[in-house]
Structure formats: C-alpha cells, structure tokens
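Chemist:
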Amino acid sequence: AWTEIESTLQHLKASEKALELAMESLRLAEVGFREGVTPQLDLLNAQTSLTSSRLDYARSQYNHLLTIVALKVTEATVIEWTGERRKQ
C-alpha cells in the first residue's frame with residue numbers, strides 16, 4: 198500500500214510540473230499571438246494542452262487521496278464520517 202502511495206505521489210508531482218509548463222507555454226503563446234508571431238492554431242493548442250494538464254493534475258490529486266484513504270481504511274485509522282467510531 199505504501200508503494201502505491203509513493204507511486205501516486207510521484208505522478209502527482211509530475212502532473213504538477215506538467216501543469217506549470219503548460220501554463221508557461223500558454224503565456225508565451227499569448228504573448229506571441231499578441232505580437233503577431235504566433236499563429237492562432239498554436240495558441241489554441243496551448244489552451245488545449247493547459248486544459249488537459251489541469252484535468253490530469255486533478256485526476257492525480259484524486260488518485261493520491263483515494264490511495265491514502267484506502268490505506269487508512271485498511272489500517273482501521275479512519276473515523277467514519279457519521280461520527281461513529283469504527284468497531285474493532
């Protein structure tokens with residue numbers, strides 16, 4: 198279970214870096230488009246890439262948190278959301 202958490206954490210870090218790069222790429226494409234040196238298609242591709250990176254980052258966050266919760270349930274360390282303690 199710990200290896201899964203480490204794996205999802207690594208993917209989360211990688212997708213965060215990809216998101217940062219996509220944001221910078223869009224920024225540069227916008228500047229280039231305003232200056233007339235970047236075609237509109239490149240700008241649209243940068244926007245699409247950013248949207249895809251945001252989705253991947255959100256999925257990575259979800260998967261990482263789900264893996265942590267699954268481990269805690271397995272270890273019986275999660276207090277149920279109803280306020281009742283888990284019976285042991």
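The letter at position 83 of the sequence shown is residue 280 when you use our numbering, and the numbering goes up by one with no holes. Virtual Cβ for every residue (Gly too), placed ideally from N, Cα, C.
Pick helix, strand or coil for glutamate 272, following the three-state DSSP scheme.
Modeler: Three-state DSSP puts glutamate 272 in coil, outside helix and strand.
Chemist: Quick one: what does DSSP say glycine 229 is sitting in, helix, strand or coil?
Modeler: Note: glycine 229 maps to helix in three-state DSSP.
Chemist: What number of angstroms, rounded off, separates the C-alpha of methionine 220 from the C-alpha of threonine 245?
Modeler: Cα to Cα, the separation comes out at about 11 Å.
Chemist: Is the distance from the Cβ of tyrosine 254 to the Cβ of alanine 215 below 9 Å?
Modeler: Their beta carbons are under 9 Å apart, which means tyrosine 254 touches alanine 215 by this criterion.
Chemist: Please report the Cβ distance between serine 212 and serine 249, rounded to the nearest whole angstrom; I am assuming they are in contact, meaning their Cβ atoms lie under 8 Å.
Modeler: That belief does not hold up - the Cβ atoms of serine 212 and serine 249 are roughly 10 Å apart, past 8 Å.
Chemist: Please report the Cβ distance between leucine 247 and leucine 223, rounded to the nearest whole angstrom; I am assuming they are in contact, meaning their Cβ atoms lie under 8 Å.
Modeler: Sure, about 5 Å apart at Cβ, within 8 Å.
Chemist: Indicate the three-state DSSP secondary structure (helix, strand or coil) for alanine 267 in the structure shown.
Modeler: Three-state DSSP puts alanine 267 in a helix.
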